[in-house]
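Residue numbers (UniProt numbering): 1 to 329.
Where is the CB? At the ideal position from N, CA and C, for every residue including glycine.
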């Protein structure tokens with residue numbers, strides 16, 4: 001007699017004609033999407049938490065790090081940390097960043113530690129309306145029986161989180177320490193199974209910049225939703241955090257401790273300063289041609305123009321850049 005399989009899962013089919021097309025909603029284009037998982041990884045002490053706390057602080061005030069972080073109103077955030085004390089470390093750092101702490105919340109783990117598959121995550125997102133959930137670090141939120149080095153368990157955990165992110169259109173950020181496999185690709189240096197990397201739609205590498213002890217790089221090493229973003233940088237100062245923006249550096253240079261090639265932004269500013277020594281106004285097309293010869297992108301050139309306070313004006317059918325207010329270095 002044939003035995004019935006009680007654990008058999010019912011087959012359900014979805015016609016693509018019944019699926020409503022949607023565009024990706026971004027918290028920070030093209031680095032952090034809403035409704036998806038993003039991993040931010042790097043070596044311990046290299047500034048991951050500093051970066052994420054300053055992003056949280058800006059969002060709590062309805063501000064962004066740069067023009068690609070489209071924030072029109074204050075954002076509520078859930079921040080879980082297993083490494084830093086709330087009272088003596090996290091709160092002071094948020095206050096230093098001038099965060100609106102009323103909008104940054106923590107799930108109380110006094111009675112029971114939290115895990116990545118804990119029902120309290122969904123309850124907290126639903127109750128608070130949080131648009132961002134941060135788990136710092138990933139390794140601390142596996143749960144006692146989970147092994148992140150086993151592909152099936154890692155994929156199951158991250159799949160549940162990704163469904164949660166999609167359901168509530170919440171950006172879930174997983175902060176991860178790198179392992180010590182020097183020279184390996186960044187994808188394989190993230191602690192644990194490659195499946196964590198596989199399920200995330202965006203992965204950012206945070207690391208030191210050789211020869212610049214106070215600078216940290218942010219390099220996108222995976223993006224399944226858009227073109228790769230331009231590498232960024234920030235400075236760790238005595239008073240906290242300073243966002244720099246576009247920076248010319250690669251993941252290989254960060255991982256290998258290799259000094260980056262000439263910083264294109266600084267190169268662009270140097271070019272404009274040299275032009276200002278002999279000219280007060282130069283046709284913009286001529287400047288763009290000069291930049292192209294130096295392999296300086298239009299975006300980097302525009303950033304240099306902005307930093308130097310250069311204004312453009314139209315004369316007849318042509319645009320000119322006024323260089324008369326550019327100060328020598």
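Where in the stretch 250-299 do unbroken runs of the alpha helix (DSSP H), each at least 4 residues long, occur, reported from the N-terminal end onward? Fully contained in the stretch 250-299 are the following alpha helix (DSSP H) runs of length 4 or more, in chain order: 251-256, 264-278, 284-293.
Taking residue 59 as part of the alpha helix (DSSP H), name the residues at either end of that continuous run. Looking at the DSSP string, the run of the alpha helix (DSSP H) that includes residue 59 is 48-60.
Please report the straight-line C-alpha distance between residue 318 and residue 275, rounded to a whole angstrom. Their backbone Cα atoms lie some 18 Å apart in a straight line.
Mind reading off the beta-carbon distance from residue 134 to residue 221? Whole number of angstroms is fine, and I expect it under 8 Å. Incorrect: roughly 19 Å between the Cβ atoms, too far for contact.
Of the choices 115, 9, 163, whose alpha-carbon is the least far from that of residue 141? Of 115, 9, 163, the residue nearest in Cα terms is 115.
Run through DSSP, which three-state label would residue 157 get? In the three-state scheme derived from DSSP, where H, G and I count as helix and E and B as strand, residue 157 is classed as helix.
Can we say the stretch 93-103 touches the stretch 235-254, given the rule of at least three CB pairs closer than 8 Å? Taking 8 Å as the limit for Cβ pairs, the verdict is that the stretch 235-254 does touch the stretch 93-103.
Spatial distance of residue 218 from residue 46 (CA atoms): Whole-angstrom Cα-Cα distance: 11 Å.
Check each candidate in 283, 297, 325 and name the one with the smallest Cα separation from residue 316. Comparing Cα positions, the closest option is 283.
Thinking C-alpha only, which one of 229, 248, 264, 160 is nearest residue 30? Restricting attention to 229, 248, 264, 160, the CA atom closest to the CA of residue 30 is found in 229.
Cα-Cα, which of 54, 66, 36, 127 is closest to residue 101? Considering only alpha carbons, the answer is 54.
Run the CB neighbour count on residue 75, radius 10 Å, all protein chains shown included, and call it buried at 16 or more, exposed below. Residue 75 sits buried, since 16 or more C-beta atoms from the chains shown fall within 10 Å of its C-beta.
Is residue 268 near residue 304, with beta carbons less than 8 Å apart? Residue 268 places its beta carbon less than 8 Å from that of residue 304.
For residue 202, count the other beta carbons within 10 Å of its own beta carbon; 16 or more makes it buried, fewer makes it exposed. Which is it? Here residue 202 is buried, its C-beta having at least 16 other C-beta atoms within 10 Å.
Cβ-Cβ distance between residue 178 and residue 64 below 8 Å: With contacts defined by Cβ atoms closer than 8 Å, residue 178 and residue 64 do not form a contacting pair.
Assign residue 11 to one of two classes, buried (16 or more other C-beta atoms within 10 Å of its C-beta) or exposed (fewer than that). When all chains shown are included, residue 11 counts as exposed.
Count the other CB atoms within 10 Å of the CB of residue 309; is the residue buried (16 or more) or exposed (fewer)? Label assigned to residue 309: exposed.
Considering only residues of the same chain and omitting the five flanking positions on each side of residue 62, which have a CB-CB separation below 8 Å? Contacts found: 71, 72, 73, 74, 75.
In the DSSP assignment, find the unbroken alpha helix (DSSP H) run with residue 91 in it and report its ends. Annotation: the continuous alpha helix (DSSP H) that includes residue 91 extends over 91-96.
Enumerate in chain order the residues of its own chain whose CB-to-CB distance from residue 208 is below 6 Å, with the five nearest sequence positions on each side excluded. Hits under 6 Å: 46.
Hey, would you say residue 234 sits closer than 8 Å to residue 244, going by beta carbons? Residue 244 sits close to residue 234, with the two beta carbons spaced by under 8 Å.
Look up residue 79 in the DSSP assignment and give the residues it is bridged to. Beta-bridge annotation (DSSP): residue 79 is paired with 134.
What is the DSSP secondary structure of residue 162, counted as helix, strand or coil? If DSSP states are grouped into helix, strand and coil, residue 162 belongs with the helices.
So the alpha helix (DSSP H) residue 126 belongs to, where does it begin and stop? Bounds of the alpha helix (DSSP H) holding residue 126 are 119-128.
Please determine, among 169, 118, 110, the residue with the shortest C-alpha to C-alpha distance to residue 130. Of the candidates 169, 118, 110, the one whose C-alpha sits nearest the C-alpha of residue 130 is 169.
Consider the C-beta atom of residue 122 and the heavy atoms of the ligand MN; say whether any pair is separated by less than 7 Å. Absence of the ligand MN from the depicted structure is noted, as is the absence of any ligand whatsoever, leaving it without description.
Proximity to residue 206 [Cα-Cα], best of 306, 231, 90: Looking from the CA of residue 206, the closest CA among 306, 231, 90 belongs to 231.
Residue 309, DSSP secondary structure in three states: Taken through DSSP and simplified to helix, strand or coil, residue 309 comes out as coil.
Which residue wins for smallest C-alpha separation from residue 90, given the options 66, 67, 56? Of the listed residues, the one whose Cα sits closest to residue 90 is 56.
May I ask you to report which of helix, strand or coil DSSP gives residue 201? The three-state reading of DSSP puts residue 201 in coil, since its state is none of H, G, I, E or B.
Strictly by DSSP, which residues pair up with residue 230? Residue pairing for residue 230: DSSP places it in no beta bridge.
Under 8 Å between C-beta atoms of residue 27 and residue 171: Cβ distance < 8 Å, so residue 27 and residue 171 count as in contact.
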